[in-house]
Amino acid sequence: MSDEPAFATVQDLAKHIRERTLSSVELVQLYLERIGRFDGRLHAYVTVCGDAALTEARSADAAVKRGDRLGPLHGVPIAAKDQFLTKGVRTTNGMRALADFVPTEDATAVARLRAAGAILLGKLNMPEAGLLGTRAWPFGQPRNPWNTENDAGASSTGQGIAVAAGLCAAALGEDTGGSIRNPASYNGVVGVRPTWGRVSRHGIIPLNWSLDTAGPMTRTVAESALLMRVIAGHDLADPFSARLLVPDYAAALDGNAKGIRVGVIRELIDSTFLDAEVREATNAAATVLSRLGATVDEVSLPLFRIAGVVFAAIADSGAALEHRHLRVTAPDSFDSGPRRRMLAASLLPNALSLRVEQARVLIRDEIRGAFEHFDVLLCPTAPAPAARLDAAPKLSWTRDDLFRFWERGSHTGPFSLAAVPAISVPNGFSDAGLPIGLQLAARPFGETMLFRAAHAFESTAGPKVARPTLV
Amino acid sequence: MGRAAGAAISADDLPEVTVRVNAFLEGLAALDALQLDGIAPVPAAPHPTELP
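Residue numbers (the numbering used here), protein chains in the order written: chain D, 607 to 1077; chain R, 56 to 107.
Following this line, the structure appears as structure tokens:
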């Protein structure tokens, strides 16, 4: 069997399985073979559900033969971040302390994927507890498939790698402050952070209750639109999930941007931290959307300049709270990076933390106010393509390391603070052959607009299915 | 402060934790320039019935 189906769209794979031109078993075997061939170097997976996935695939093929009613993802192998509870499959959250934890239930998003017919192929690698700055990855150092000497982004790290490298059909990620969008950008795939409340958080091991979201990572926008429809919707187990009907996002993908008002965020384009190639690619993307019929203008959002540190103070404090018991009873079970990050955040005075939350409200109001004039906000997903792994600070972080880290977070974190949806789509490559990501954001529950704009851009400018050369 | 927060800070961790806390205090000093008085410090969660 050729490797070609490994990169087919979820829709095409489901169609082939339904029409019996490809079996689910053949597809699972193909991905397992590719994981065996490439993942020893890439480290996308923490756990591969080989036997269980093949058993589920046999059942899926039998259902096709019987003529059963089939879900939209019937027989399609999908992998999930190891932050999602999975019944009978160990769930580590990237933590040594959870290396043997086997949940007894699925997270709601996982359960909905299964109900739509998806097969769980495995669990994907992430930094410890989802905290960037992990120095010794408990389950192997992930590598970027476009250049294995480079970073693959975080914290939905394994998702970005596995989708780009054709090690699964699609993946389920989690985004607190950019954890889906950043690896999507670094690996040249599509990643969606939904509106907070659009997808149930039940069964996600929390990093921060008011920021965590579940979303898809795929090779095309249309695939993400399909997966979003499957996982979104109210859930009694998550009291903050929205009681709103879930639209058919894919129905809005008409390939044009006519009438869409696009605001290019000046502070991120003018930033001295922005790589010149990324600036050029982002400006070119705005021009493409304009040619497709969008009205493109510049918008100034000055609070983006402080949003990185505000986000870090809130997210790190949340993580420190979530993992307090383990931090106190077994501090050495944590890698020094996440442990020190949580320790520092736990020492911030309450009066300061409350002022940080006040600043968050201002940032939210500034971003949401922009949607009175624009349908979509546009900026680079990350200020530069993926850095080399050996450029990352290995020992103690310095003040300058932290300020650079927060500056990077000011591209994705503000939209998390504002609880609005955002997407990263591939926007070409640097001269060194590394992917560049374009980020679009929309008003709360404006995912339909987001998908429409991203799809129009993708269909004209983005690579259809870009593939890294793997060895 | 560590004890009050239930945080045991080892001698190995102390230098970097100190750098991190000081960086937070320096970075968050930018909040002094904002008009924050009177703002209720609630997380920016959308109301579940908020429509597109």
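All residues carry an ideal CB built from backbone N, CA and C; glycine is no exception.
Given the structure is predicted, the values throughout are model-derived calculations rather than measurements.
Contact list for residue i against chain C, beta-carbon separation under 7 Å
i, result
"D:Phe-745", "Protein chains in the displayed structure are D and R, and chain C is not among them."
Beta-carbon contacts of residue i that lie in its chain and below 6 Å, excluding the five residues immediately before and after
i, result
"D:Ala-900", "Ala-863, Ile-866, Val-868"
"D:Ala-857", "none"
"D:Gly-677", "Ala-722, Gly-723"
"D:Ser-791", "Thr-987, Ala-988, Ser-1030, Gly-1043"
"D:Ala-831", "Tyr-855, Ala-856, Phe-1057"
"R:Leu-106", "Unreliable placement is indicated for R:Leu-106, whose pLDDT of 44 sits below 50; the coordinate value is still reported in the next sentence. For R:Leu-106, where only same-chain residues beyond five positions count, there are no Cβ hits under 6 Å."
Whole-angstrom distance between residue j and residue i, CA atom to CA atom
i, j, result
"D:Arg-720", "D:Val-836", "10 Å"
"D:Leu-648", "D:Arg-675", "37 Å"
"D:Arg-718", "D:Arg-1049", "25 Å"
"D:Gln-689", "D:Phe-707", "12 Å"
"R:Asp-82", "R:Ala-95", "Looking at the sequence itself, residue 82 of chain R is Gly, so the reference to Asp does not match. Between R:Gly-82 and R:Ala-95, the C-alpha separation is close to 22 Å."
"D:Asp-657", "D:Arg-1073", "27 Å"
"D:Ile-871", "D:Trp-802", "22 Å"
"R:Val-76", "D:Gly-821", "32 Å"
"D:Leu-895", "D:Thr-692", "40 Å"
"D:Ala-742", "D:Met-732", "12 Å"
"D:Leu-737", "D:Thr-615", "31 Å"
"D:Arg-945", "D:Ile-912", "24 Å"
"D:Ala-840", "D:Thr-819", "The question names Ala, yet the displayed sequence has His at residue 840 of chain D. Going by the C-alpha atoms only, they are around 13 Å apart."
"D:Ser-1065", "D:Gly-861", "6 Å"
"D:Asp-881", "D:Leu-958", "33 Å"
"D:Ala-775", "R:Ala-60", "44 Å"
"D:His-979", "D:Asp-903", "10 Å"
"D:Met-607", "D:Ile-684", "20 Å"
"D:Ser-1002", "D:Thr-698", "25 Å"
"D:Thr-826", "D:Ser-942", "37 Å"
"D:Val-795", "D:Thr-824", "6 Å"
"D:Ser-816", "D:Arg-626", "44 Å"
"D:Thr-763", "D:Lys-621", "29 Å"
"D:Asn-956", "D:Thr-661", "52 Å"
Segment limits, beta strand (DSSP E) that includes residue i
i, result
"D:Lys-687", "683 to 687"
"D:Ala-820", "819 to 824"
"D:Gly-723", "Here D:Gly-723 belongs to no beta strand (DSSP E), and DSSP marks it neither H nor E."
"D:Arg-780", "The amino acid at residue 780 of chain D is misidentified as Arg; the sequence shows Glu. It spans 776 to 781 - the beta strand (DSSP E) in which D:Glu-780 sits, taken as one unbroken run."
"D:Leu-984", "982 to 986"
"D:Arg-1014", "Not the beta strand (DSSP E): D:Arg-1014 falls in the alpha helix (DSSP H), residues 1005 to 1015."
Three-state secondary structure assigned by DSSP to residue i
i, result
"D:Pro-678", "coil"
"D:Pro-944", "helix"
"D:Val-616", "helix"
"D:Asn-699", "coil"
"D:Gly-736", "helix"
"D:Ile-786", "coil"
"R:Leu-106", "Because R:Leu-106 sits at a pLDDT of 44, beneath the cut-off of 50, its placement in the model cannot be relied upon, and the following sentence gives the value as read from the coordinates. Here R:Leu-106 sits in coil by DSSP."
"D:Leu-960", "helix"
"D:Ile-1029", "strand"
"D:Ala-763", "Sequence inspection shows Thr at residue 763 of chain D; the Ala mentioned does not correspond to that position. Correct three-state label for D:Thr-763: helix."
"D:Phe-1051", "coil"
"D:Arg-664", "helix"
"D:Asn-889", "helix"
"D:Ala-997", "helix"
"D:Leu-954", "coil"
"D:Asn-756", "strand"
"R:Ala-62", "coil"
"D:Leu-909", "coil"
"R:Ala-88", "helix"
"D:Arg-974", "helix"
"D:Leu-1044", "strand"
Cβ shell of residue i (< 7 Å), same chain only, five flanking positions each side left out
i, result
"D:Asp-645", "Tyr-651, Leu-773"
"D:Ser-939", "Arg-702, Ala-703, Leu-932"
"D:Ala-1024", "Ile-969, Arg-970, Ile-973, Arg-974"
"D:Ile-810", "Gln-689, Phe-690, Ala-713, Glu-780, Asp-818, Ala-820"
"D:Arg-624", "Val-670, Leu-676, His-680"
"D:Phe-910", "Ile-871, Glu-873, Leu-874, Ser-1016, Pro-1020"
"D:Gly-728", "Tyr-651, Thr-653, Val-654, Cys-655, Ala-685"
Span of the alpha helix (DSSP H) around residue i
i, result
"R:Val-97", "Here R:Val-97 belongs to no alpha helix (DSSP H), and DSSP marks it neither H nor E."
"D:Asp-645", "630 to 648"
"D:Gly-874", "Here residue 874 of chain D is Leu; the residue named in the question, Gly, does not match the sequence. Unbroken alpha helix (DSSP H) run through D:Leu-874: 872 to 875."
"D:Arg-804", "From DSSP, D:Arg-804 is part of no alpha helix (DSSP H); its letter is neither H nor E."
Cβ-based neighbour list, residue i, same chain, cut-off 8 Å, excluding 5 preceding and 5 following
i, result
"D:Arg-749", "Arg-647, Leu-648, His-649, Glu-755, Asn-756, Ala-758, Ile-767, Leu-995"
"R:Ala-63", "Gly-57"
"D:Val-934", "none"
Any non-hydrogen atom of the ligand SAH closer than 7 Å to residue i Cβ
i, result
"D:Asn-750", "Ligands displayed in this structure: none; no statement on the ligand SAH is therefore possible."
- Any chance the segment 698 to 712 of chain D sits against the segment 777 to 797 of chain D, with 3 or more Cβ pairs inside 8 Å? No, they do not touch.
- Message: Measuring CB atoms only, is the segment 980 to 988 of chain D touching the segment 1003 to 1011 of chain D, in the sense that at least three cross pairs come out at less than 8 Å?
- Response: Inter-segment contact for the segment 980 to 988 of chain D and the segment 1003 to 1011 of chain D is absent: fewer than three beta-carbon pairs are separated by less than 8 Å.
- Would you be able to state if there are at least three C-beta pairs under 8 Å between the segment 1049 to 1063 of chain D and the segment 64 to 76 of chain R? Not touching, per the Cβ criterion.
- Message: Would the segment 960 to 976 of chain D count as touching the segment 848 to 855 of chain D if we require 3 or more Cβ pairs under 8 Å?
- Response: Result no; under three Cβ-Cβ pairs closer than 8 Å.
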